[in-house]
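S.K.: The listed protein sequences correspond, in order, to chains A and B. Residues in the first sequence are numbered consecutively from 3, following this note's numbering. Residues in the second sequence are numbered consecutively from 310, following this note's numbering. No residue lacks a Cβ here, since even glycine has one placed at the ideal position from N, Cα and C.
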Amino acid sequence: MVNNKKLTNALVLAVALVALPFLIRVINGNEYGVMIMCIMLVYIIAVSGLDILFGYSGQISLGHAAFFVIGAYTTGLLNIYFDTPLYITIPLAAVFSAIIGGIIAYPASKLKFHFLSLATIAFGELVFNFLYVSPGGFTKDYLGIQVIGISFLTDYTRWYFFLLFWVTLGLLAKHSLVNSRTGRAFIAIRENTHAANGMGINVHWNKILAFMISAFYTGLSGALFVHLIKYISPETAKQKQSVLFLTMLLFGGSGSMWGPIIGVVILEILLELIRPFQEYQMFFYGALLLVVIIALPGGIYGGIKDALVSYERRKMGKNLPKSGDDNA
Amino acid sequence: MIMLETNKVTINFGGLIAVNEVSIRVAEHKITALIGPNGAGKTTLFNCISGVYVPASGEVLLDGLHLEGKMGYQINKAGIARTYQVINLFWKMSVLENVLVGMHSRLKSNFWDCLLHTKKKREEEAEILTKAHEWLDFVGLSQYANAPAGSLSYGKQRLLEIIRGLASDPKVILLDEPAAGMNSGEKRDLDALLQRILKKGVTILIVEHDMKLIMGISDYIYVLCNGKLLAEGVVRDIQNNPEVVAAYLGGDD
C-alpha cells in the first residue's frame, strides 16, 4: 500500500517535471525561465555534492566553488587546446576535481571545524589566483574562457531534459550511498568521531572519501554549467559563489535528499527577484544565513519534517512510545 | 584459554605514569573485572587496549595477535568492541542505525556497491536489518528502533552501547562502567544480560564501581590502584584481601 502511494507520488512528480518547461515557455513567451531552471538543475548537483561533505560527513567547506570552477576549466581548456570531445572532457573534469579534492582532503581532513573552514577559504582563493594569473596565461587569466555548447542540445528545453537525467542519476546514487555502509560511516563521523573510530570506521580515509565524492559532484556540476552558459571566469572561484552554495544548502536543509533541491530552487527564484539590486547580493546571503541558523537550524526541509512529525504525533495521540520518561 | 592479555603495559602522560607495568589475562568465555578507586588507571588501560592510547612499553595481545600501536578501527576489526564510561552514541541517528554502524567492520559491500546499489549491497542491507532488530530484541529496545539515540533514558543508552558493540561480532567486549546511570531494576537485568552475552561466545572485561554487581558476576578480578596492580584473584580472595579493603576505605566514600 505504501509502495503504491510512493509510486503514484513518483509518477505525479515525473509528469510535473516533464510538463514544467513547456508550461514556463508558454507563460514567459520565451526560454529565459527554462534557462533559469537549467541553472537550478546544475546547482542541485553542486549543492548535493556539498551536502555529502557537510551535511553527512560533517566537514565544512567554504571554498567549494573552487571545485565547481576546476570542473568547468578542465573540460573547457581540454576542449579548447586539444579539441577533445565533450563526452570525454566532462567526465574527466569531474574525476580531476575529485582527485584535487582527495589531495586537499589528505591534510585538511585532520583539521578541526574552524581550521578546516579557514583552509577551504584559502583553497578557494588559491584556485582563483592561479586561474587569474596563470603560468603563460594558459587559462586566459582574468578574461575567462569561452567554450562551445553541447552540439545536440540546441535549445534550453533540450538542456533541461539532459540535465534532469543527470540530476536524477546523481541523486539516486547519493540516496544509495547515504543509505549504505559508507553513508552510515559518514554520519557516524559527523555525530561522534571518537566512537566512529571505536566502531571500526577508518575515520581519516572516510573523510577523504567524502571530500572526493563531494568534489566529483561539484566538479561535474561546474563542467555542465560551463557548456550551458558557454563562458566562465576565475571570479566564480571566489568567496561569493562558495557562500551561495552553502546558503542554498543550509537554507534548504543539510543532510537530506530534498534540502539541496529546495534550497537551490527557492534561492534561485529569490536571486532573480532581487536582480535589480545585485550589489546587495552578499548582504542578502548573510541575512538569509542568519535567519536560517537562528530560526530554522534544519533548514526549510528540517522545518517541514519536524512539523509533520509533531502533526503525526498529535494525530496518533499518546500511543507512540515515548522514551526517557521511565527513570528520569 | 587466554583470549586477551596485556603484558607489562605502561602508559604515561608527560611525567605522569597512569598505568605502570600492568599485566592482566582475560580468559575466554569468562567475565573478568577490573576494579579500583577513582583515578586508578582502569579506563586508561581500556583506552590502551582499544587503541585510543599507544602504550609507552609492553604488549597487548588478542588471541595471540599484537594490538599495541594499532588504530582504534583496526582493533575493532580484530575483534574487540567497547562501551564508554561517558556514553558515546551517535545521538541524532536512530537506535536502529546505531546498531547498524556497529556492524560496519563486518560488512563486505565496498564503495561501488554502496554507490551503485548492487545486488550484493541490497542483500547485505536486508540481512543486517534483520540482525539489528534481533540485537534490539536482545536487550528489549525494539519499540525504540526509530527513535533518536539521544532521546533514550540513561540506562537504555547504556544498553544500546552494549549491543552496538556486540553487533561487530567481537571476541571480547570491554564494558566501561555499564551500570552507571542505571536504575535498580536495570542493574538487576544487567546481571542476567552479561550471562546471556557470555552464552553468545563473547568474552567480557568489565570496569565497574558497583561492588555488589562485580562480586556477583566476576570469574576473576584485577584490582588497580595508582596505576599499579594491587591484587588479583577470584571473588573470595579479593574480598578478604586487606590491601584492597584499605585502598577502598582510603580512596572512596
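By the three-class DSSP mapping on this structure, what secondary structure does B:Y362 have?
M.R.: coil
S.K.: Quick check on A:T170: does DSSP put it in helix, strand or coil?
M.R.: In this structure, A:T170 counts as helix in the three-state DSSP scheme.
S.K.: Verify the CB distance criterion: does A:G326 have a CB-CB separation below 8 Å to chain B?
M.R.: Summary for A:G326: the model assigns pLDDT 42, below 50, so the residue's position carries little reliability; its value from the coordinates is reported in the next sentence. Closer than 8 Å: yes.
S.K.: Can you give the Cα-Cα distance for A:L252 and A:N131, rounded to whole angstroms?
M.R.: Approximately 28 Å between the Cα atoms of the pair.
S.K.: Less than 8 Å separating the beta-carbons of B:S477 and B:R415?
M.R.: yes
S.K.: Examine the Cβ distances between the segment 101-108 of chain A and the segment 160-180 of chain A and report whether three or more of them are shorter than 8 Å.
M.R.: no
S.K.: Which residue's Cα is closest to the Cα of A:K307: A:M259, A:Q283, A:I295, A:Y162?
M.R.: A:M259
S.K.: On the three-pair Cβ rule with 8 Å, is the segment 399-409 of chain B touching the segment 181-197 of chain A?
M.R.: Inter-segment contact for the segment 399-409 of chain B and the segment 181-197 of chain A is present: three or more beta-carbon pairs are separated by less than 8 Å.
S.K.: So, is B:W421 buried or exposed, given that buried needs 16 or more other C-beta atoms within 10 angstroms?
M.R.: Only exposed fits B:W421, as fewer than 16 other CB atoms lie within 10 angstroms of its CB.
S.K.: Opposite B:A342 in the DSSP bridges: which residues?
M.R.: B:I515, B:I530
S.K.: Would DSSP call B:A327 helix, strand or coil?
M.R.: Reduced to three states, the DSSP call for B:A327 is strand.
S.K.: Identify each residue in the segment 188-203 of chain A for which the Cβ-Cβ distance to at least one residue of chain B is less than 8 Å, and report them in chain order.
M.R.: I189, A190, E193, N194, H196, A197, A198, N199, G200, M201, G202, I203
S.K.: Pick from A:A239, A:M250, A:G305, A:G304: whose alpha carbon is nearest that of A:A289?
M.R.: A:M250
S.K.: Going by DSSP, which residues form a beta bridge with B:V481?
M.R.: B:I389, B:T512
S.K.: Cα separation between A:E127 and A:N208?
M.R.: 26 Å
S.K.: So, for B:V448: in the same chain, excluding its five sequence neighbours on each side, which residues have a beta-carbon less than 8 Å away from its beta-carbon?
M.R.: L468, L469, I471, I472, L502
S.K.: Measuring CB to CB, does A:T1 end up less than 8 Å from A:F56?
M.R.: Absent from the structure is residue 1 of chain A, since the part of chain A shown begins at 3 and ends at 330.
S.K.: Start and end of the alpha helix (DSSP H) containing A:E193?
M.R.: Its alpha helix (DSSP H) spans residues 183-193.
S.K.: For the beta strand (DSSP E) containing B:I320, name the first residue and the last one.
M.R.: 311-322
S.K.: Check whether the Cβ atoms of A:Y45 and A:E270 lie closer than 8 Å to each other.
M.R.: Result yes, Cβ atoms of A:Y45 and A:E270 sit closer than 8 Å.
S.K.: What first and last residue would you give for the beta strand (DSSP E) that runs through B:K537?
M.R.: B:K537: member of the beta strand (DSSP E) spanning 537-542, first to last residue.
S.K.: Under 8 Å between the Cβ atoms of B:L461 and B:V404?
M.R.: yes
S.K.: Looking at the structure shown, is A:P109 part of a helix, part of a strand, or coil, going by DSSP?
M.R.: Three-state result, A:P109: helix.
S.K.: Nearest-angstrom Cα distance between B:Q466 and B:R391?
M.R.: 14 Å
S.K.: Does the distance from the C-beta atom of B:K317 to that of B:E330 stay below 8 Å?
M.R.: Note that the C-beta distance between B:K317 and B:E330 is below 8 Å.
S.K.: Check B:G378 in the structure and name its three-state DSSP category.
M.R.: coil
S.K.: Are the segment 337-350 of chain B and the segment 523-535 of chain B in contact at 8 Å, needing three or more beta carbon pairs?
M.R.: yes
S.K.: Roughly how many whole angstroms lie between the Cα atoms of A:N181 and B:G459?
M.R.: 20 Å
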